[in-house]
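Chains as they are written, first to last, in my numbering: chain A, 3 to 509; chain B, 3 to 509; chain C, 3 to 509; chain D, 3 to 509. Note that beta-carbon positions come from the ideal geometry of N, C-alpha and C, so glycine has one too. To start, the structure under review is shown below, and the notes come after it.
4 protein chains.
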Amino acid sequence: MGRLSRPPNPTLFRLVYGPQLASDRSLVLPYLLRIDAAHVVMLDTERLLKRDVAAALLRVNREIAVRLARGHDVLGSPPTHRGLYMLYEQQYIEHLGNDAGGAAHVARSRNDINATVARMRLREEMCGLLSVWCALLDAMRSLADSHRETVMAGFTHLQPAQPTSFGHYLAGVTSELVRSAEWLAGTFDCVNCSPMGAAAGFGTSFAVDRVQVAELLGFRTIIENSADAVASRDYLVQVLSALAVLGTSITRFATDLQAWSSAAYGFLDWPDDLVSTSSIMPQKRNAFVLETIRGEAIHSIGALVNTLAGMKNAPFSNSVEVSAEASAHVWPALSAGRKALELLTLMVQQIEIRPARMRAFLGDAGTTMTAVADLLVARHGLGFRVAHEAVAKFAAEPPGLSAADAKARLEIILREVGPEPVIIDEGALAIALDPEGCVRRATYGGGPAPETVRRQLQGLARRLEQLRARISRWQQQLADADARLDAAADAICESRSLGEGLDVLDQ
Amino acid sequence: MGRLSRPPNPTLFRLVYGPQLASDRSLVLPYLLRIDAAHVVMLDTERLLKRDVAAALLRVNREIAVRLARGHDVLGSPPTHRGLYMLYEQQYIEHLGNDAGGAAHVARSRNDINATVARMRLREEMCGLLSVWCALLDAMRSLADSHRETVMAGFTHLQPAQPTSFGHYLAGVTSELVRSAEWLAGTFDCVNCSPMGAAAGFGTSFAVDRVQVAELLGFRTIIENSADAVASRDYLVQVLSALAVLGTSITRFATDLQAWSSAAYGFLDWPDDLVSTSSIMPQKRNAFVLETIRGEAIHSIGALVNTLAGMKNAPFSNSVEVSAEASAHVWPALSAGRKALELLTLMVQQIEIRPARMRAFLGDAGTTMTAVADLLVARHGLGFRVAHEAVAKFAAEPPGLSAADAKARLEIILREVGPEPVIIDEGALAIALDPEGCVRRATYGGGPAPETVRRQLQGLARRLEQLRARISRWQQQLADADARLDAAADAICESRSLGEGLDVLDQ
Amino acid sequence: MGRLSRPPNPTLFRLVYGPQLASDRSLVLPYLLRIDAAHVVMLDTERLLKRDVAAALLRVNREIAVRLARGHDVLGSPPTHRGLYMLYEQQYIEHLGNDAGGAAHVARSRNDINATVARMRLREEMCGLLSVWCALLDAMRSLADSHRETVMAGFTHLQPAQPTSFGHYLAGVTSELVRSAEWLAGTFDCVNCSPMGAAAGFGTSFAVDRVQVAELLGFRTIIENSADAVASRDYLVQVLSALAVLGTSITRFATDLQAWSSAAYGFLDWPDDLVSTSSIMPQKRNAFVLETIRGEAIHSIGALVNTLAGMKNAPFSNSVEVSAEASAHVWPALSAGRKALELLTLMVQQIEIRPARMRAFLGDAGTTMTAVADLLVARHGLGFRVAHEAVAKFAAEPPGLSAADAKARLEIILREVGPEPVIIDEGALAIALDPEGCVRRATYGGGPAPETVRRQLQGLARRLEQLRARISRWQQQLADADARLDAAADAICESRSLGEGLDVLDQ
Amino acid sequence: MGRLSRPPNPTLFRLVYGPQLASDRSLVLPYLLRIDAAHVVMLDTERLLKRDVAAALLRVNREIAVRLARGHDVLGSPPTHRGLYMLYEQQYIEHLGNDAGGAAHVARSRNDINATVARMRLREEMCGLLSVWCALLDAMRSLADSHRETVMAGFTHLQPAQPTSFGHYLAGVTSELVRSAEWLAGTFDCVNCSPMGAAAGFGTSFAVDRVQVAELLGFRTIIENSADAVASRDYLVQVLSALAVLGTSITRFATDLQAWSSAAYGFLDWPDDLVSTSSIMPQKRNAFVLETIRGEAIHSIGALVNTLAGMKNAPFSNSVEVSAEASAHVWPALSAGRKALELLTLMVQQIEIRPARMRAFLGDAGTTMTAVADLLVARHGLGFRVAHEAVAKFAAEPPGLSAADAKARLEIILREVGPEPVIIDEGALAIALDPEGCVRRATYGGGPAPETVRRQLQGLARRLEQLRARISRWQQQLADADARLDAAADAICESRSLGEGLDVLDQ
């Protein structure tokens, strides 16, 4: 092509052009076809291309699209080539001759085309991923709702801390995951901008209508500066960051679930079709899927690093290092993230909770000590630190005292530490020592009281609904644009050649 | 404290508590004082604390704040301790006795306090960083505006590509940096939420008013779920991601500037007070600051990795691993990012452009070949690929042909490749071969035509203004909240004890 | 299998077992066959398996191996399954019945098998990668040798610094790359240890001979502790670290080459079959392969991060998170690293150096100023700092002074700065001002004098030879072990059943 | 200095030179003094400096060193400057005048000096870190030895797997940590090479003796190529990689310890001076130090990323981006790694094991099922898979059956699955069902039998001893070199000026 007298070196072909085409055929060509159609429609509208040439190009475009959809090999398999675009254009030249066949490439470049393909592909992947994410969030929200009254020990530093409910815990994790999903969704507008018209990064003297192309391709808007349009890939970092937050959040959740499904806790389990056994240890039931989930979930961290490192010290212009190499990491990360989400959804849907085991664990875990201290403050007017000191002493007692014994013991302790003797209300103490009671009373501060958790979940449900609505809206916009482009192309294909001069000739 | 019979092990004190306090004194204590005041005001409002106790606590709070502001050592230097909070509370106990002195810690925990401190500190740092960022963007925008007509070679893959202007290039980089600044600003709302009331992560049975505390501390809203409030640090990843994008963008810009300041290009330079020479090579003038900038700019990448890795597989609850360890990486990254921004601002402000060198370089760089091909399409009706092939042949000629010679040579080439002979318009060809003309005509597609760049810069200026307005609004909100809190505390301090019973006792 | 009443959940099958098998068929099965054979031979030797059972198992093993080598589908395509191992064992059971077919799994587990497969696969990949690496180093060494006298400007901070040769520069880069190759090679012994016998991580009560299995599989030694054997994957970090150093070193080299091939320098170029042009800019010749190389070279950084993050906070035991998920990143990183090495070798082999351009650039680059200062010290007895100050002033003169003019100017300057007047030796000054002379005299401190570089390259050649010898030795050891295992298996297959009791029964 | 007419810009001074000097004073200056002394001694030996000048320089050097050791401010506090080196040289000029004071900088540059300082500083830090690491390994080895007979459940995927001992587990972790320590130690030789003589990266025409300088500074050897000497920092990646492996290994160990110290397991604990309680939950005893350890341990991952990213696409030459910026990350990572090691050593030394809780947990964990399957193979001749199937059925029984009941149940199951009825040896079955017995018999495959673990620990002790010996040897070599340098400098200082001409003048 152009100045080059020779096809690519065979080693270069074997390692670069060959393998690249294999994936470009299925992953890039469909978008290239749409971009090409939109560009030609615009050139026609702006009278930068003769109507009959535009129509001929669009007919070939349609034919290739149809054959591709039917699974045909639309590019042939030449023994050597310089990548998808040149092979693609070659199809036009074979149909329409060198002059008309190569006419569409006015006021564009592979640089802006590649930049556009990546964004079109990414916005579809994002819609897909967010839908899967919403499914997980629904499953979690629903599980949380069922377990608003399933009392369990809350932990900090792995030690029993205060009574809570499994629903409250789940609502907490779900809150973070909803927030991250919203954050990812918040990057969609940044992705959904059209670089077309930037050409090689320096715009064009042809009077192109960038906005029309953007609309035909379903983009929200255009990228104003042509250097920015081809050089920047900041949105990849935005998307991967959201995936990385998702990933680490998922590992935290999956770590808790796996601990609680272990024999030491026995709080939860899964049916046989979601656990594995051992090839050697016949008794084993391993929730290994949680380990797979954790592994897949964090692919995005390395992808993020590679994307950032790939951009580091690259010139601010179109660059293979950025637009091809650094940009390649987002796809496997999206796929791994999606896999983690789907598997986790399955695990959440199929989880089997063992409330009795949760309740039994609370028995001697001492988690009500904060409630006892709170009682001393609220009912008996002690300062909190004094109450805390007293209850710390009390907590060293063997668990399972009756309320009467507890009262007696506490009163003795209070006489040692406190300013004056206190007569403890035995009934109130019995309630404070009761985990269910603690949970019921933890109405404030976002605590586990069932009603409080219900309100939290309602809030999350509303946000989830809004998120789904946004995704639907985006998908509808893409579908509408597709229809618009098809209609515009059809109109041109079916029109008679108008025979007039082109505006381009008067430039 | 509490159940523990012994002070911390000396090694633990030497490695953990000791060094931690050194930085907590200046970086955490000021926020702790505000949080404490807001919490006590709320406890008073909700009648969860006796008015006289509240007043006494707030008086001590005010006194400590005053002494701290004067640079006093307000905590003493005990030979051993268990960290800032306990030392802080000890001050109250020394003033007010064990009962009243320790009374403020009702319905709160170090967990929600720490979570709150981090957010308060971060939002201030963010305002500062964004202000510095805006200063850079202003300097870049202004430099770009001055160089809308400074024609230079545009590059791709480091090779001369098409004529552009230095202003257009700068507008492109500025576009990306504005977008990243907006992205960072977009995380502010997520940071600016109050965890207070979550206590240890399980809420409370005391009827606290979380919204009041949030308002007194200038927070936009509260975090609903108490587990989420103490366990999540997702906002750190949000902030660090934006810093990492900033960092890589800066390295790209600084890489270009350094290349162009090298002897091989000589496009730009800096005054003596911004370059270094060599201890051994007397002729050297090194723009080493650009290397410092690149190095500082990417600190955030490692910090991001450490934050993500630190969260990975941590239980979803309060955890030193997350709330202290993984959270510690954001501060040095912010400081390095800020340093990179300040240094880059200085370099942009002081840059000396050499338009003559830029223009001379264009002389034989062949950057107008696209314009020639475009001419063949626009004026002479050739298909673009045919025109491209012809000009590729023409581009192999030695540079510097007169328009007449160029016309002759092109016509010969066109006879070889084209479908039919073409008579080229010599005047139009002369214009196409002129870099200034190319730039002037590149009006479309976001290209470098001065008027187009002016519009791009106007758009950026508007967005920058909006960004500044947001930052000012946030800073005002924080100042307002401070004033509100002071007033509320003063009112309590000055009121007489009302002698009534507390609501807390009726709980 | 075992306790599980149901096949895997269809979603689990679709996302995990299904895709995993697709790659395990080609990448794991060949190693599994060898491990299985070695284990059975050992069980036979130790009389832990009846001779006729061992022979039957080995015959099936051989048959599967033969069919696999012929490209047959040896596992069938069952609609659902639980992964490669179970399908593999199923083949034996189908041939030999449940009893004999499942008899080989004594004293082993999928845990130690998987750990062993990874090491066998990695050591082969390492040999391959190191061979490719050596080819690059040979090409670089040879190019450096051809250009020991190709004088060019040496740069620091991108500014011309002192005269050097292209050969000296290349010798420097090659030195670092040889060192990194040796570092990678240094991890081979750590990789080449056998986990077999560790079973699930808790050893076995069967009197297995681990050393025999290790020898039959070509391992250097065994891993002593069974928990370590199945839990540790530290060698992955070792290998990936060496790849990451390689990667960053390559980016530095490729950055320099691309800069020097740009129009601004024109020091080097490549033939048409290694550059690309532009779809829109007909004059372009882009050394884009260097960008591809840089992108591929740093895959290892993200892989390293993912491997480390994947291991973080995983229990120290066999774990899918570590042994499958975190371990999966090494393979694509190896493949990308190899691609970068092969492409770079090609670019080095085909490079076209332009000595005249290099020499012309030196003309006014002021790179001999250090030599002038050195002359003032060496010949005229000035202290270095005084000489440096004087030459710094001199360096501000326009370039290209004659020796006589330079002498005059310098003497004036020296009268201003120096302690006493100096009469400069004009002949010596002329030599100092001559870049070729500077290079020739830079004999010390590892400088670019051709003879000095020759000695550096000889040293590198010797180390490279030693490295190649190590790789050959490893490959021979693996081949020898293969032959040994085949012979041992053949001997058992061909023996008659001996009918004696098994030692295992007396245990 | 040199060509520069102005001091650094105040902002540059505030952000770069100022802060840098603050740390260079204590961290770089001591090494600079040694390097300077060695260089001058060599210049004297090679007759490149007059004896009286050399003596004068060395006397100032000694004086500065003495004053520095006494804590004096030896550089003054000038209002502006260009960094440590220039201030340092200024001291000489003030004492000796411009001519002699600046005479030492012949044949050297800040480039090779900085490269040398980093290596000197690093090798000391490495010796320190490895010593601390050895202390941990000793503590672990010793703890493991004490618990070779402390039977506990071994886990995989967090589920009870097979009986093991705490000593066996510890020996496994220790094995990996010893290997990583050896790997780090293996990088010492690469660090311990002298760049001196490379000057700015292009060697010198002065007949310096690099080997002498290297020996006086305790280096093992020199770096042959001068470009390599100043451009490469690959050893930083080597060191950080070893720290990163250490870090992740430590997180795995600390994760297990924290899980086992939780209430759900209760296997181990620490005294009060190593746990924390809660400010709100009086019953809490948190092993939070393990979380601190995990956080500190992984600093190296981000540092590694920053070092690699910092080098990416930097020119291969001396560069602030690499030699200052990218190199800065190793120091905090070393310090965090050391902190993690020291804290973990403390936790290992003070750990309190609860063997009774470990034993009780084994009661109904089903960990002996593999042993039962093994029995069916070893004693009753079943194929392993058949035995495994049978025992999987048996494992579903409630735990705690008597041997007689177990025998009866197993025989029934075997009739269902097996080829023919089996009469199980009840005595052997009782032994198989006994965890202690399982551990005792797991003699093979690196299993937990006490004697096997003893041998593993002996092997580790031997390697640890060798490692300590290497560290001591290095430290001795450094001390010897120091003494050698002092003696050489003293000899020169005390000699009379010899009055002869310098070789440098004949060059």
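- Query: Is D/V153 helix, strand or coil by DSSP?
  - Reply: strand
- Tell me A/I355's beta-bridge partners as DSSP assigns them. A/L270
- Message: Tell me which residue opens and which closes the alpha helix (DSSP H) that C/S182 is part of.
- Response: 168–187
- Which residue or residues does DSSP assign as beta-bridge partners of A/S278? A/N288
- Coarse secondary structure for B/A10, derived from DSSP in three states: In the sequence as presented, Ala is not what sits at residue 10 of chain B; that position holds Pro. Looking at B/P10 - three-state DSSP - the assignment turns out to be coil, as it is neither helix nor strand.
- Return yes when the Cβ of C/V76 is within less than 8 Å of the Cβ of C/L59, no when it is not. no
- Message: Which residues in chain C have a C-beta closer than 7 Å to the C-beta of D/V247? List them in chain order.
- Response: D236, V239
- Message: For the pair the stretch 300–320 of chain D and the stretch 343–363 of chain B, tell me if three or more CB-CB distances fall below 8 Å.
- Response: no
- Message: Tell me which residue opens and which closes the alpha helix (DSSP H) that D/M142 is part of.
- Response: 112–148
- Item | The alpha helix (DSSP H) enclosing C/G78, as first and last residue numbers | From DSSP, C/G78 is part of no alpha helix (DSSP H); its letter is neither H nor E.
- Task: For B/I282, count neighbouring C-beta atoms within 10 Å of its own C-beta (all shown protein chains included) and say buried if the count is 16 or more, exposed if not.
- Result: buried
- Message: Just checking: is the beta-carbon of B/F208 within a distance shorter than 8 Å of some beta-carbon in chain G?
- Response: Looking at the structure shown, chain G is missing, and the protein chains on hand are A, B, C and D.
- Compute the beta-carbon to beta-carbon distance between D/I426 and D/H382, rounded to the nearest angstrom, for a pair I have assumed lies under 8 Å. 7 Å
- Query: How far does the alpha helix (DSSP H) with A/T206 in it reach, from first residue to last?
  - Reply: No alpha helix (DSSP H) contains A/T206, which DSSP labels as neither H nor E.
- Any C-beta of chain C sitting closer than 8 Å to the C-beta of D/L310? yes
- Message: For a cutoff of 8 Å on Cβ pairs, would you count A/R361 as touching chain D?
- Response: no
- Query: When the Cα atoms are used, what is the spatial distance from C/V18 to A/T294?
  - Reply: 8 Å
- Query: Going along chain B in order, which residues have a C-beta closer than 8 Å to the C-beta of C/K286?
  - Reply: T158, H159, Q161, A163
- Query: What are the residues that DSSP puts in a beta bridge with A/Q161?
  - Reply: A/T158
- Message: One question on the structure: do C/C192 and C/Q161 come within less than 8 Å of each other, judged by their Cβ atoms?
- Response: no
- Message: Using a Cβ-Cβ cutoff of 7 Å, what residues of the stretch 435–467 of chain A are near chain D? List them in chain order.
- Response: none
- Task: Answer yes or no: does any C-beta atom of chain D fall closer than 8 Å to that of C/F318?
- Result: yes
- Task: Indicate whether at least one CB of chain D lies closer than 8 Å to the CB of A/F168.
- Result: no
- Query: C/D114: which of C/I95, C/C129, C/E399, C/S196 sits nearest, CA to CA?
  - Reply: C/S196
- Counting only beta-carbon atoms, is D/M154 nearer than 8 Å to chain A? no
- Task: Counting only the same chain and skipping the five closest in sequence on each side, list residues whose C-beta sits under 7 Å from that of A/Q479.
- Result: G220
- Message: Can you tell me whether C/V307 is buried or exposed? The criterion is at least 16 other CB atoms within 10 Å of its CB, across all chains shown.
- Response: buried
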